[in-house]
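Read top to bottom, the protein sequences are chains R and A. Just so we're on the same page, this note's numbering is the position in the first sequence counted from 1, plus 347. Just so we're on the same page, this note's numbering is the position in the second sequence counted from 1, plus 22. Everything below concerns the one structure shown next.
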Amino acid sequence: MSRFVRLGETDRPPVTLHVDGQPVAALEGDTLMVALLANGGTLRQSEFGPEKRAGFCLMGACQDCWVWTEKGDRLRACSTLAAPGQRILTSQPGASWPNHG
Amino acid sequence: MAEPRIIIVGAGPAGTRAAEACVAAGLRPTVIDEGRRDGGQIYRRQPDHFTRPYGKLYGTEAGRAQAVHGAFDAIKGRIDYRPETLVWNIADRHVWTANGAAQEALPFDALLLCTGATDRLMPVKGWHFAGAYSLGGSQVALKSQAVSIGHRVIFMGSGPLLYLVASQYVEAGAQVAAVLDTSPFSARVKAMPDLMAVPSVLWNGVKLTRALKRAGVLVHHGVTPLEIIGDADTGVSGIRYRDGGGKERQIACDAVAMGYHLRPETQLADLARCAFAFDVGTRQWLPERDGDGRASVAGVYLAGDGAKILGARSAEASGKLAALAALTDLGLPVDKGAMASLRGAVATYAKFARGLAKAFPWPVDQAAALPDDAILCRCEGVTAGDLRSVMRETGAKEANRAKAFSRVGMGRCQGRYCGLAAAELIAAEAGIPVEQVGRLRGQAPVKPLTIAIGDEE
Numbered sequence: 348m349s350r351f352v353r354l355g356e357t358d359r360p361p362v363t364l365h366v367d368g369q370p371v372a373a374l375e376g377d378t379l380m381v382a383l384l385a386n387g388g389t390l391r392q393s394e395f396g397p398e399k400r401a402g403f404c405l406m407g408a409c410q411d412c413w414v415w416t417e418k419g420d421r422l423r424a425c426s427t428l429a430a431p432g433q434r435i436l437t438s439q440p441g442a443s444w445p446n447h448g
Numbered sequence: 023m024a025e026p027r028i029i030i031v032g033a034g035p036a037g038t039r040a041a042e043a044c045v046a047a048g049l050r051p052t053v054i055d056e057g058r059r060d061g062g063q064i065y066r067r068q069p070d071h072f073t074r075p076y077g078k079l080y081g082t083e084a085g086r087a088q089a090v091h092g093a094f095d096a097i098k099g100r101i102d103y104r105p106e107t108l109v110w111n112i113a114d115r116h117v118w119t120a121n122g123a124a125q126e127a128l129p130f131d132a133l134l135l136c137t138g139a140t141d142r143l144m145p146v147k148g149w150h151f152a153g154a155y156s157l158g159g160s161q162v163a164l165k166s167q168a169v170s171i172g173h174r175v176i177f178m179g180s181g182p183l184l185y186l187v188a189s190q191y192v193e194a195g196a197q198v199a200a201v202l203d204t205s206p207f208s209a210r211v212k213a214m215p216d217l218m219a220v221p222s223v224l225w226n227g228v229k230l231t232r233a234l235k236r237a238g239v240l241v242h243h244g245v246t247p248l249e250i251i252g253d254a255d256t257g258v259s260g261i262r263y264r265d266g267g268g269k270e271r272q273i274a275c276d277a278v279a280m281g282y283h284l285r286p287e288t289q290l291a292d293l294a295r296c297a298f299a300f301d302v303g304t305r306q307w308l309p310e311r312d313g314d315g316r317a318s319v320a321g322v323y324l325a326g327d328g329a330k331i332l333g334a335r336s337a338e339a340s341g342k343l344a345a346l347a348a349l350t351d352l353g354l355p356v357d358k359g360a361m362a363s364l365r366g367a368v369a370t371y372a373k374f375a376r377g378l379a380k381a382f383p384w385p386v387d388q389a390a391a392l393p394d395d396a397i398l399c400r401c402e403g404v405t406a407g408d409l410r411s412v413m414r415e416t417g418a419k420e421a422n423r424a425k426a427f428s429r430v431g432m433g434r435c436q437g438r439y440c441g442l443a444a445a446e447l448i449a450a451e452a453g454i455p456v457e458q459v460g461r462l463r464g465q466a467p468v469k470p471l472t473i474a475i476g477d478e479e
């Protein structure tokens, strides 16, 4: 189920990106965070606990919404716009964290 | 003489008015802003393809938002504007910037820090679950993206923004389950003399509360938040709290927006080596400044909510005033009458802000009352109990020492969201005034940089 609910501005041009290999339908002008959370409940797995995360501040201060490009570049999902053909990963490529959860 | 190099950090209401004053004096300031567009957080502009009009986006502040945007548009061609650029350090009279992988060190003669604010948060058990958001974040979702943070939203905390955002959600068609305010209604009555300093803003607040009640939204005052109920995989499912009468209640929701006023982003002032002083009214350490915005370090000026939370209207005045102070110090002619009237405006807003702090107090007791298993640091999942046992084991009673041992404040957000509550918890635990706990020192980089920046060198 989606976490975010669209309340208007829905006649923008559609955009398709790929998240963890799966196509995700978004709208032009969506942030990555909105693209992901209008289509699902969470953004990523916490590295320090058992819970999944979905961002917190939406203004680039908390860093809770990091996602990655396939090249390994880190993006803040709240402040990066979704673009056609984007390929996003919700876990850091090649990294392993000591998840104590 | 070469043109003085003026750098303004931030393009919200304070930065915009500061830049406008510099341009009016015939100068070309550099304006560095993290945002994709100008406006800051409060007057954040929506991306291309969004079509909502000003009235819908900014409500009672539509005229002001439009005026600030218009002012920025008018000077855009006459400033060195650097959007999507982070100032991550200030050292040796240089501002260090990062834009993607590109970085620069820019020298300055005058530096105006208009860095704005983020939400002040009081942790509650369960605030790490997916679906718990900062109040400001919930407003950004609506204003900048036309989305609600959930299907059934609870607004919890205190301060005027709580009512503003809740009513904006209702108006936009979102389902608001409740507004839970930790401040008792009696506090508002006591604050009335100060709140009367700006009657129009007070009246707007009264109208918002009425609109919420008319819409059938449950509004509770004097509540004590107990827990955000949730699940590791699916996130938030409800809130447990004690109402003003002491009765425990539970409400179902899938999203919580929480905030207790704002806190200024002072890290850059810290890195510029500005002196700080403890502000009793807000229980925060703030950079010192004179009445016109001069910091303790020559050539550094502070304005807007990044210096002290006085609101967007005040930010416009203090931004312009700080710029005029800088121009004066650079030996340029300025309108002394304009400075005097700006000082008057700032003083009026300061009185109003004192009223707001009294009406919607920071619930310090909740930090002390956090159960040991509640997460205090969201970044790294450090609990209140972890911090308490570090204090017992090491005797740490100072903010930076406690941080070093417990990692509270050392995570990705660098203490922005846990730091103030952690200080209150330490103070309560150690039985000392919170000012003795001190403040978390600002560290460069003030936000995480991409590793690629190091590769460029």
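Don't be surprised by glycine CBs; every beta carbon is placed ideally from N, CA and C. Nothing here was measured: the structure is a model prediction, and the numbers come from that model.
Go ahead and label residue i buried or exposed: buried means 16 or more other beta carbons lie within 10 angstroms of its beta carbon, across all protein chains shown.
i                : result
GLN369 (chain R) : exposed
ARG400 (chain R) : buried
ILE64 (chain A)  : buried
THR472 (chain A) : exposed
LYS516 (chain R) : This structure cannot speak to residue 516 (chain R), because chain R is shown only from 348 to 448.
PRO309 (chain A) : buried
GLU446 (chain A) : buried
GLY448 (chain R) : At GLY448 (chain R), the pLDDT of 40 sits below 50, so the modelled position is not reliable; the number obtained from the coordinates is stated separately. Classification of GLY448 (chain R): exposed, given that the 10 Å Cβ count is below 16.
ALA430 (chain R) : exposed
PRO440 (chain R) : exposed
TRP225 (chain A) : exposed
ASP255 (chain A) : exposed
THR378 (chain R) : buried
Tell me the DSSP secondary structure of residue i in three-state form.
i                : result
PHE8 (chain A)   : Summary: the structure shown does not reach residue 8 (chain A), with chain A confined to residues 23 through 479, and so no result is reported for it.
ASP312 (chain A) : coil
VAL146 (chain A) : coil
LEU471 (chain A) : coil
SER426 (chain R) : coil
ILE448 (chain A) : helix
ARG285 (chain A) : strand
ASP114 (chain A) : coil
GLY260 (chain A) : strand
VAL459 (chain A) : helix
LEU354 (chain R) : coil
SER363 (chain A) : helix
LEU384 (chain R) : helix
LEU379 (chain R) : helix
ARG236 (chain A) : helix
LYS358 (chain A) : helix
HIS447 (chain R) : With a pLDDT of 44 at HIS447 (chain R), under the threshold of 50, the modelled position of this residue cannot be trusted, and the question is left open.
LYS399 (chain R) : strand
ALA254 (chain A) : coil
VAL137 (chain A) : The sequence shown places Thr at residue 137 (chain A), rather than the Val named in the question. In this structure, THR137 (chain A) counts as coil in the three-state DSSP scheme.
Starting from the C-beta of residue i, find all residues in its chain whose C-beta is less than 7 Å away, skip the five residues before and the five after it, and write them out in chain order.
i                : result
GLU249 (chain A) : VAL146, LYS147, GLY148, ARG262
ALA348 (chain A) : ILE28, ALA132, LEU134, TYR323
PRO206 (chain A) : HIS243, GLY244, GLY266
ARG461 (chain A) : PHE298, TRP307, ALA421
GLY138 (chain A) : GLY32, GLY34, GLY62, GLN63, GLU287, GLY326, ASP327, GLY328
ASP477 (chain A) : The predicted position of ASP477 (chain A) is uncertain, since its pLDDT is 45 and thus under 50; a value taken from the coordinates is nonetheless stated next. Result list for ASP477 (chain A): empty, nothing under 7 Å.
GLY407 (chain A) : ASP394, ASP395
ARG421 (chain R) : TRP413, TRP415
Does any residue of chain D bring its CB to less than 7 Å from the CB of residue i?
i                : result
ARG391 (chain R) : Absent here is chain D; the protein component of the structure consists of chains R and A.
Here's a check: name, in chain order, each residue in its chain whose Cβ is nearer than 8 Å to the Cβ of residue i, leaving out the five neighbours to either side.
i                : result
THR389 (chain R) : ARG350, LYS399, ARG400, ALA401
PRO215 (chain A) : GLY377
TYR282 (chain A) : ASP141, ARG142, LEU143, MET144, GLY179, SER180, GLY181, THR204, PHE382, TRP384, PRO385
ALA93 (chain A)  : THR38, ARG39, GLU42
Excluding five sequence neighbours on each side, which residues of the same chain lie with their C-beta closer than 6 Å to the C-beta of residue i?
i                : result
THR231 (chain A) : TYR185
GLU56 (chain A)  : LEU108
ALA213 (chain A) : GLY377, LYS380, ALA381
SER426 (chain R) : GLY407
Which runs of the beta strand (DSSP E) fall wholly inside the segment 158-227 of chain A and span at least 3 residues, in chain order? 175-180, 198-203
Fully enclosed by the segment 366-441 of chain A, which beta strand (DSSP E) runs are 3 residues long or longer? 397-399
Can you list the alpha helix (DSSP H) stretches of 4 or more residues lying completely in the segment 29-107 of chain A, in chain order? 35-46, 76-80, 84-97
Complete runs of the beta strand (DSSP E) confined to the segment 292-355 of chain A [at least 3 residues]: 298-301, 306-309, 322-324
Within the chosen definition, does the segment 157-170 of chain A reach the segment 259-276 of chain A through at least 3 CB pairs nearer than 8 Å? no
Meets three-Cβ-pair contact criterion under 8 Å: the segment 209-228 of chain A and the segment 109-126 of chain A: no
Contact between the segment 169-178 of chain A and the segment 406-418 of chain A (3+ Cβ pairs under 8 Å): no
Pair every Cβ in the segment 28-37 of chain A with every Cβ in the segment 317-333 of chain A, then say whether three or more of these pairs are closer than 8 Å. yes
Counting beta carbon pairs with one atom in the segment 371-379 of chain R and one in the segment 65-80 of chain A, are three or more of them shorter than 8 Å? yes
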